[in-house]
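Be aware that the sequence shown starts at 4, since it is given in our numbering, and climbs by one per residue.
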Amino acid sequence: MKDNSDGDAESSTAAPGPSTGDAAPTASTSQGDHEHEQIRPDEDEGPSQEEVRNSVNAALGPGVNVDDLLDHEMAEASEATSSSEEDNTDTDSEMDFVENTCNGIQDIIITGETLPRHGEAWHHYRFYGRVRHWDGLIALVRIPTALPELGVAIFRGYVTGNKNFVGSWRAFTSNVHTIPLEGPFVISKAASETFSN
Numbered sequence: 004m005k006d007n008s009d010g011d012a013e014s015s016t017a018a019p020g021p022s023t024g025d026a027a028p029t030a031s032t033s034q035g036d037h038e039h040e041q042i043r044p045d046e047d048e049g050p051s052q053e054e055v056r057n058s059v060n061a062a063l064g065p066g067v068n069v070d071d072l073l074d075h076e077m078a079e080a081s082e083a084t085s086s087s088e089e090d091n092t093d094t095d096s097e098m099d100f101v102e103n104t105c106n107g108i109q110d111i112i113i114t115g116e117t118l119p120r121h122g123e124a125w126h127h128y129r130f131y132g133r134v135r136h137w138d139g140l141i142a143l144v145r146i147p148t149a150l151p152e153l154g155v156a157i158f159r160g161y162v163t164g165n166k167n168f169v170g171s172w173r174a175f176t177s178n179v180h181t182i183p184l185e186g187p188f189v190i191s192k193a194a195s196e197t198f199s200n
């Protein structure tokens with residue numbers, strides 16, 4: 004991503020959604036509170052960003068907004084990182100740091116779907132997510148397109164080595180008394196297909 008002088012951003016690629024690493028992604032950027040302008044590589048491919056957002060909101064249920072959920076996921080990741088850094092510091096040393104908050108200044112939106120050939124083997128999913136611009140944290144919400152009983156999952160991680168999407172996933176539940184299923188994941192691109200800078 005590169006910043007332009009007027010505050011807008013350009014993104015030439017988007018990270019794949021977590022299925023088989025072969026989703027058909029789109030990316031967009033925005034300024035303001037969850038206002039999004041779509042940048043699509045090909046206008047004939049798949050649903051629009053707004054259609055994806057609406058379908059994810061419908062799958063999450065009433066009273067849950069995917070953008071608010073992603074804000075919470077990214078804030079939760081920041082809290083976990085800052086608390087682990089505090090545990091590893093000496094009381095005598097002083098660290099210089101800049102605290103950033105995702106306050107709606109600029110969003111990078113990722114949408115995508117499982118390709119048909121992979122959906123036949125591992126089910127069809129739709130993805131909606133964001134990239135935190137200052138450190139590259141990716142948070143994605145995955146919903147099934149045909150079988151709602153497969154459930155909603157949240158993926159959070161980073162692209163490492165220019166080809167591996169690594170992080171943790173967990174099942175989404177709105178029940179505060181439920182402990183959701185969760186675990187680590189790694190998605191890798193084939194050697195000939197690396198992310199472009």
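The C-beta atom is built at its ideal place from N, Cα and C for all residues, glycine as well.
Asked: Cβ-based neighbour list, R173, same chain, cut-off 6 Å, excluding 5 preceding and 5 following; Found: I157, P183, E185
Asked: Under 8 Å between C-beta atoms of S171 and P187; Found: yes
Asked: Closest residue to L140 among D110, T148, L118 (Cα-Cα distance); Found: D110
Asked: V55 at chain C interface by Cβ criterion, 8 Å; Found: Any reference to chain C falls outside this structure, which holds one protein chain only.
Asked: Own chain partners of G64 with C-beta closer than 8 Å, once the 5 adjacent residues on each side are dropped; Found: S177
Asked: DSSP state of P65 mapped onto helix, strand, coil; Found: coil
Asked: Continuous alpha helix (DSSP H) stretch holding E123: start and end; Found: 119 to 125
Asked: V144 - DSSP class collapsed to helix/strand/coil; Found: strand
Asked: 8 Å CB neighbourhood of N1 in its chain, flanking five on each side removed; Found: Absent from the model: residue 1. The displayed extent of the chain is 4 to 200, so no value can be given.
Asked: Whether R133 touches L73 by CB criterion (8 Å); Found: yes
Asked: Check whether F130 and R120 have beta carbons under 8 Å apart; Found: no
Asked: Classification of V155 by the beta-carbon crowding that lies within 10 angstroms, buried from 16 upward; Found: buried
Asked: Exposure label - G115; buried when at least 16 CB within 10 Å; Found: buried
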